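Data first, discussion second: the structure below is written as structure tokens.
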Amino acid sequence: MEFQVLLAFSFLLSVFVCYLLLRPHLNRRNHKYLPPSPPLKLPIIGHMHLLGPLLHQSLHNLSTKYGPLFTLNMGSVLCVIASTPHSAKQFLQINELAFIRRIETAAIKRLTYDSSLAFAPYGDYWRFIKKLSMNELLGSRGISNFQHLRSQETQSFMKLLAKKAKTCEVVNVTEELLKLTNNVISKMMLGEAEEAREVVRGVTEIFGEFNVSDFIWLFKKVDFQGFGKRIEDLFFKFDTLVERIICKREEIRKKRNGESRKGEIRDFLDILLDYVEDESSEMKIQRVHVKALIMDFFTAGTDTTAISTEWALVELIKKPIFTPKSSNPKLWKNPLEFRPERFLKNGEGDSIDVRGQHFQLLPFGSGRRMCPGVSLAMQEVPALLGAIIQCFDFKVVDHKTGMILNDVGDIDVDERPGLTAPRVNNLLCVPVERTKCGAT
Numbered sequence: 024m025e026f027q028v029l030l031a032f033s034f035l036l037s038v039f040v041c042y043l044l045l046r047p048h049l050n051r052r053n054h055k056y057l058p059p060s061p062p063l064k065l066p067i068i069g070h071m072h073l074l075g076p077l078l079h080q081s082l083h084n085l086s087t088k089y090g091p092l093f094t095l096n097m098g099s100v101l102c103v104i105a106s107t108p109h110s111a112k113q114f115l116q117i118n119e120l121a122f123i124r125r126i127e128t129a130a131i132k133r134l135t136y137d138s139s140l141a142f143a144p145y146g147d148y149w150r151f152i153k154k155l156s157m158n159e160l161l162g163s164r165g166i167s168n169f170q171h172l173r174s175q176e177t178q179s180f181m182k183l184l185a186k187k188a189k190t191c192e193v194v195n196v197t198e199e200l201l202k203l204t205n206n207v208i209s210k211m212m213l214g215e216a217e218e219a220r221e222v223v224r225g226v227t228e229i230f231g232e233f234n235v236s237d238f239i240w241l242f243k244k245v246d247f248q249g250f251g252k253r254i255e256d257l258f259f260k261f262d263t264l265v266e267r268i269i270c271k272r273e274e275i276r277k278k279r280n281g282e283s284r285k286g287e288i289r290d291f292l293d294i295l296l297d298y299v300e301d302e303s304s305e306m307k308i309q310r311v312h313v314k315a316l317i318m319d320f321f322t323a324g325t326d327t328t329a330i331s332t333e334w335a336l337v338e339l340i341k342k343p344i345f346t347p348k349s350s351n352p353k354l355w356k357n358p359l360e361f362r363p364e365r366f367l368k369n370g371e372g373d374s375i376d377v378r379g380q381h382f383q384l385l386p387f388g389s390g391r392r393m394c395p396g397v398s399l400a401m402q403e404v405p406a407l408l409g410a411i412i413q414c415f416d417f418k419v420v421d422h423k424t425g426m427i428l429n430d431v432g433d434i435d436v437d438e439r440p441g442l443t444a445p446r447v448n449n450l451l452c453v454p455v456e457r458t459k460c461g462a463t
């Protein structure tokens, strides 16, 4: 009996090993039109051994070796990597509908309630939610309605820096920027500043990390890296917070009995709850969709704005006079020269639009699925960064020693894994006020 069991196990194991070894040859006919791929593709993991923790840097390094368009097997998932404006245009514009679906990892599906605007399949639900978001929150009217909120939060941030400048105290600029952007999104979405920074940071971090179970079918049900517990912890924290806010708002709405105050600007939560209660709506919105949209806007609007501003400050502090661009000379004239005027009207970059039509520069993506918050970001980031630069200089504090750095060139610019390329260490500074600019 034991011999028969051992024989059966050996047979199954042999079949499995043969399948793994022959699988590339079985699929070769289907893959004959794909771009070339790096050598040393290994069984089970494919090309995953060629990738480091910072995925975008690994892909850039591979593109310098294997060209602007190449294929990678990320475990069981076949990926085609495009790394030039021409190839990006092929994917994002010319053949957009063929590549419009986005991959959903286990973390994304759970933490966005499987109803995310950012990751939902392209279809009726996605189109309805996109239209709703643009009409009520991210269009010109919505951005204008909430302009005073952005001004209030910027002024509060500037007053904090001015206060710390007077006492020569250290400011955790990273945390304060996150607090600012969190408050802006919270007030636009929920009508009040809710503390969701830690949850949002955890969510964007786990979205950007590599989970083996998402890419290797053999380990789909195996949680090697402990992602499952982290995902559930984050989900519980966020769901508890949002459920409390929704219940509180529902009680207020019941007391008002549908009446609105004169001149009141309604936040996005009120608008969403209107759709939840509207039986005649073209798309039935449920409570889970409301939570998913709140998660979408927190993750898309908090870290992105704060980290973009932080990186800009770091680069300006580190290289205040000369800022090499390390760009492709085929696309930009003298890319290593610091020439901000190239982006001014009638400059060489005047024709470059960051809204997805020029593929040399795609901070917001392109096509139907480009970032819907581009107009909000283009108002928020320049205004905030300009105010900071106008009013303050900064003495950077070493995160290890707590001492002020004598050489600003020693500021670390290391990244950590994440959805938004965050820095490894927080930016700690002593602000120095340049002039009286209304910050105090």
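According to our numbering, the sequence shown is numbered sequentially starting from 24. Glycine residues also receive a C-beta, built at the ideal position from the N, C-alpha and C atoms. Computed from a predicted model, the values in this text were never measured in an experiment.
Integer Cβ distance of residue i from residue j, believed to fall under 8 Å
i	j	result
L316	I152	7 Å
A130	N234	7 Å
V436	T322	V436 to T322, Cβ: 24 Å. No contact.
V431	R439	Contact doesn't hold; Cβ gap of about 21 Å is too wide.
L203	R220	About 10 Å; that fails the 8 Å criterion.
K55	N96	At roughly 15 Å, the Cβ-Cβ gap does not stay under 8 Å, so K55 and N96 are not in contact.
G441	E228	5 Å
E218	I268	No, E218 and I268 are not in contact; Cβ-Cβ is about 11 Å, not under 8 Å.
L428	A335	With 8 Å as the limit, L428 and A335 do not qualify as a contact, their Cβ atoms being about 19 Å apart.
Outcome for residue i when other beta-carbon atoms lying within 10 angstroms are tallied against a minimum of 16
i	result
V28	Confidence is the limiting factor: at V28 the pLDDT is only 41, short of 50, which leaves the residue's position unreliable, though a coordinate-based value still follows. Its Cβ having fewer than 16 others within 10 Å, V28 is exposed.
I288	exposed
E199	buried
T458	exposed
T87	exposed
R173	buried
R150	exposed
M318	buried
L160	buried
G69	buried
L451	buried
F247	exposed
L49	With a pLDDT of 48 at L49, under the threshold of 50, the predicted position of this residue should be treated as unreliable, and no value is reported.
A410	buried
K188	At residue 188 the sequence reads Ala, which differs from the Lys that was named. Classification of A188: buried, given that the 10 Å Cβ count is 16 or more.
R392	buried
S139	buried
L120	exposed
P76	exposed
D290	buried
F259	exposed
S236	buried
N158	exposed
S304	exposed
I275	exposed
N118	exposed
S156	buried
For residue i, the nearest candidate out of the options (CA to CA)
i	options	result
G214	V193, E232 and V265	V265
S60	Q402, I104 and I68	I104
D433	K112, E338 and K277	E338
F238	P91, L101 and Y89	L101
M426	K55, C191 and V245	C191
Y89	T107, V299, K210 and S99	T107
M306	K341, K154 and M212	K154
Q380	Y298, K112, L63 and F180	K112
D416	I340, G249 and E228	I340
M211	I166, Q80, L73 and K353	I166
I412	Y136, D147, M181 and F122	M181
E232	G249, F320 and Y148	G249
CB contact flag (residue i, residue j, <8 Å)
i	j	result
L134	I254	yes
I67	L183	no
F93	P58	yes
V194	P454	yes
V196	E333	yes
S389	Q170	no
A406	T177	yes
D262	K314	yes
C414	E456	yes
Y145	R164	no
R272	L292	yes
P352	P343	no
Original post:
Contact between the stretch 323-330 and the stretch 382-402: three or more CB pairs below 8 Å?
Top reply: yes
Subject >> Segment contact flag, the stretch 417-431 with the stretch 304-315, C-beta cutoff 8 Å, min 3 pairs >> reply: no
Original post:
Can at least three beta-carbon pairs, one atom from the stretch 244-254 and one from the stretch 121-130, be found at a separation below 8 Å?
Top reply: yes
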